[in-house]
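In the working numbering, the protein residues as written are 3 to 607.
Every residue, glycine too, gets a C-beta built ideally from N, C-alpha and C.
These numbers come from a predicted model, not from an experiment.
Before any comments, here is the structure.
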Amino acid sequence: MLFTQTFIPTLREVPADAVIASHRLMFRSGMLRKLANGLFAYLPLGLRSFRKVEALVREEMNAIGALEIKPTVVVPGELWKESGRWETMGEAMLRVKNRLGGDFVLSPTAEEAVTSLVRDALASYRQLPLTLYQINTKYRDEIRPRYGVMRGREFIMKDAYSYHTDEASLDETYRAMGAAYRRIFKRCGLSVIPVRADAGAMGGSDSEEFMVESAVGDNTLILCRDCEYAANVEKASCKPEAVSAAPSRASAVPALEPIHTPAVKTIEQLCAFLKTDAHRFIKTLIYRARNVALDLSGTPGAALLEKRKSSPEAPEVYPEAFFAVAIRGDLEVNEVKLAAVLKASEVSLAADAEVERLTAAPLGFAGPVGLTRIPLVADLMVAAIQDGITGALAADTHYVHVVFGRDFVPWLSADLRTVVSGDSCILCGGELYEKKGNELGHIFKLGYKYTRSMQVSYLDESGQTHIPLMGSYGIGIDRTLASVIEEHHDDEGIIWPMTVAPYQVIIIPITYAGPVKALADTLAADLEQSRIDVLLDDRNERPGVKFKDADLMGIPYRVVVGEKNLARDVPVVEVKRRGEASVRLVEVSKVEAELSRLVYKELSC
Ligand code: ATP
Ligand code: MG
């Protein structure tokens with residue numbers, strides 16, 4: 003391809019909001035332009051790399067037997083009502099009406115669309131297992147699109163969905179996907195960190211996210227210094243701290259005692275007032291949970307709660323329920339874990355007025371003792387507090403000498419704390435530390451969540467009806483591409499890995515005329531014949547400008563053809579690998595073979 007025949011509008015200036023390298027370099031190198039906030043257009047150079055990432059993902063999906071389909075991007079709202087997600091997806095899902103007033107959705111993901119296709123076509127166990135995938139447009143009305151295509155509103159996702167007769171079969175596909183994802187990222191030159199992840203509110207069990215480290219990452223990863231443990235903080239657990247070796251029996255602690263604590267509301271104030279530390283304090287927070295799929299019958303206040311089913315097959319949920327959550331004073335509640343424990347679509351701190359109503363006390367005095375209006379959920383560490391302090395559900399009053407099991411019994415105890423650097427690894431006891439990361443891919447076992455609510459079934463050997471198990475597996479193509487640039491660049495520009503480079507070789511004639519032009523043309527044609535992607539910079543520009551642009555675009559091999567070198571006894575050209583300092587002289591008669599060798603060597607890595 004001749005440079006003058008393509009459209010690579012490089013930029014010297016970049017938009018002010020381009021704060022990360024990939025965003026800046028995709029603009030500067032002429033790969034990308036912005037149409038509106040979160041909406042981007044790939045120009046020819048960008049699209050070439052984009053298609054290579056897609057092709058690589060497609061190859062790995064096909065290799066594990068996944069079958070490509072192409073559903074529509076616009077999907078009937080009806081399907082989302084069947085799964086129950088019409089209510090729970092919130093504002094991120096863009097909904098549109100057609101001319102007849104029908105509800106439609108611009109796919110943010112496609113569990114519903116693909117499951118509806120499978121429902122229509124699935125009859126027998128003989129058709130299972132089945133894995134379908136697409137590489138297609140997704141739309142999410144992100145609140146804050148940023149970092150260019152890392153978090154856009156419209157993007158391309160490879161999303162796969164698998165259907166199975168049993169757990170063993172789901173396991174097998176889940177593992178094959180995990181292995182395919184590792185290969186995909188490796189081939190793209192990416193160092194990913196697979197982490198344990200939250201599997202969502204209903205049905206899901208295993209879930210793994212593929213993260214890349216990033217200073218501006220939206221995720222916090224918890225890693226162990228001594229073993230392989232790696233988890234998203236949303237999911238991370240740690241070893242509970244050792245409780246003192248000889249637990250004092252409840253009888254050894256004096257009776258519960260209310261104390262007057264005027265104007266003491268925060269834990270810091272209370273610690274100063276009582277000259278103690280936050281470890282002894284049982285902090286109690288009131289949470290509002292939405293779409294709770296846990297059975298609350300028999301818990302305080304449950305009789306008054308509304309229950310609803312979004313479809314005949316969907317589980318019964320409480321659209322809104324409140325909970326008191328008790329946790330040690332120095333720890334924080336992990337809301338993702340809390341939502342998972344409550345099987346809720348979402349949890350958030352209750353509004354002040356709700357807190358006062360449900361605790362029958364002014365703000366700042368909630369506590370687990372004597373709470374009668376809502377169920378109490380306690381973090382596992384609460385049970386280890388031997389002689390606790392807590393709000394007394396009355397103005398300016400706290401209780402001291404609070405004993406778990408004696409003075410209060412939670413309805414549920416679970417691991418709810420947010421793990422932080424310095425906590426101990428749940429596997430080996432080693433020290434945990436944090437890293438920021440971005441999620442490139444996510445695989446998870448969904449169980450029966452969609453297949454049950456959408457009434458998918460098949461017949462087994464004896465003619466009995468069953469519901470299939472399901473898994474779901476996504477990779478963001480745009481984010482993967484941007485992450486490659488994040489990991490492979492320097493001050494001058496991108497340094498593409500061969501596998502996803504827009505062009506693999508750039509030929510720069512010092513002046514595009516005479517024997518130099520003749521050789522450049524022949525070399526380009528020969529390399530293209532060997533299926534190597536070549537850009538020939540035929541512009542009438544100074545060599546310095548061409549070199550700068552080649553560095554910016556990050557094309558792996560640069561061949562400089564100059565008159566002087568061609569006039570030698572043994573004519574040569576200059577060959578340089580982007581990212582390396584040394585320049586080699588290669589004989590003209592050998593250059594085509596040598597470049598083919600170099601390019602194919604890197605492709606096969
Ligand atoms: P995030 O937590 O970053 O919002 P997610 O958990 O919503 O991601 P999934 O629903 O698991 O993402 O989607 C699968 C993949 O799609 C992600 O791993 C990511 O690579 C990509 N992706 C998700 N949202 C965006 C976006 N707004 N822009 C670009 N890629 C995205
Ligand atoms: Mg995810």
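- Put simply, the stretch 411–428 does not touch the stretch 446–463. Fewer than three CB pairs are less than 8 Å apart.
- For residue 503, the CB contacts under 8 Å within the same chain, skipping 5 residues up- and downstream, are 51, 54, 535, 556, 557, 558 in chain order.
- A contact between stretches requires three or more CB pairs, one per stretch, nearer than 8 Å, and the stretch 73–85 meets this requirement with the stretch 98–116.
- Per the coordinates, the alpha-carbon of residue 178 lies some 51 Å from the alpha-carbon of residue 542.
- The distance from the Cβ of residue 417 to that of residue 239 is about 5 Å, consistent with a contact at the 8 Å cut-off.
- In this structure, the straight-line span from the alpha carbon of residue 567 to that of residue 587 is close to 9 Å.
- Excluding five sequence positions before and after residue 308, the CB atoms of its chain that fall closer than 8 Å to its own CB belong to 320, 321, 322, given in chain order.
- For residue 197, the enclosing beta strand (DSSP E) starts and ends at 195–198.
- With 16 or more neighbouring CB atoms inside 10 Å of its own CB, residue 330 falls in the buried class.
- Of the residues 591, 14, 6, 8, the one whose Cα lies closest to the Cα of residue 550 is 14.
- Around the beta carbon of residue 122, fewer than 16 other beta carbons lie within 10 angstroms, which makes this residue exposed.
- In the DSSP assignment, residue 114 falls within the unbroken alpha helix (DSSP H) covering 113–123.
- The ligand ATP approaches residue 443 closely enough that one of its heavy atoms is under 6 Å from the residue's Cβ.
- Judged by beta-carbon spacing, residue 488 lies within the 7 Å limit of residue 23, meaning their Cβ atoms are closer than that value.
- Spatial neighbours of residue 100 in its own chain (CB-CB distance under 7 Å, excluding positions within 5 residues in sequence) are listed in chain order as 106.
- Per the coordinates, the alpha-carbon of residue 513 lies some 58 Å from the alpha-carbon of residue 174.
- Per DSSP, reduced to three states, the secondary structure at residue 35 is strand.
- When the beta-carbon positions are compared, residue 325 and residue 284 stay at least 7 Å from each other.
- In this structure, residue 344 sits near residue 291, with a CB-CB distance shorter than 7 Å.
- In this structure, residue 144 has its CB closer than 6 Å to one or more heavy atoms of the ligand ATP.
- Per the coordinates, the alpha-carbon of residue 552 lies some 22 Å from the alpha-carbon of residue 532.
- Around the C-beta of residue 199, 16 or more other C-beta atoms lie within 10 Å, and the residue is accordingly described as buried.
- In the structure shown, the three-state DSSP call for residue 533 is coil.
- It is roughly 37 Å from the alpha-carbon of residue 545 to the alpha-carbon of residue 153.
- Residue 87 has its Cβ no nearer than 6 Å to any heavy atom of the ligand ATP.
- Distance from residue 43 to residue 242 at the Cβ level is roughly 52 Å; contact not present, criterion being Cβ atoms closer than 8 Å.
- By the 16-neighbour rule on beta-carbons within 10 angstroms, residue 538 is buried.
- In the structure shown, residue 528 falls within a helical segment according to DSSP collapsed to helix, strand and coil.
- Each of 359, 10, 192 was checked against the Cα of residue 500, and the nearest Cα belongs to 192.
- Residue 415 sits in a strand when the DSSP states are folded into three classes.
- For residue 593, the enclosing alpha helix (DSSP H) stretches over residues 590–605.
- Your pair residue 478 and residue 442 checks out as a contact, with CB atoms roughly 6 Å apart and the cut at 8 Å.
- In this structure, residue 278 and residue 391 form a Cβ contact; the two beta carbons are roughly 7 Å apart against a cut-off of 8 Å.
- As the crow flies, the alpha-carbon of residue 265 is around 15 Å from that of residue 401.
- Each residue's CA atom was taken as its position, placing residue 138 and residue 125 some 27 Å apart.
- In the structure shown, residue 373 falls within a coil segment according to DSSP collapsed to helix, strand and coil.
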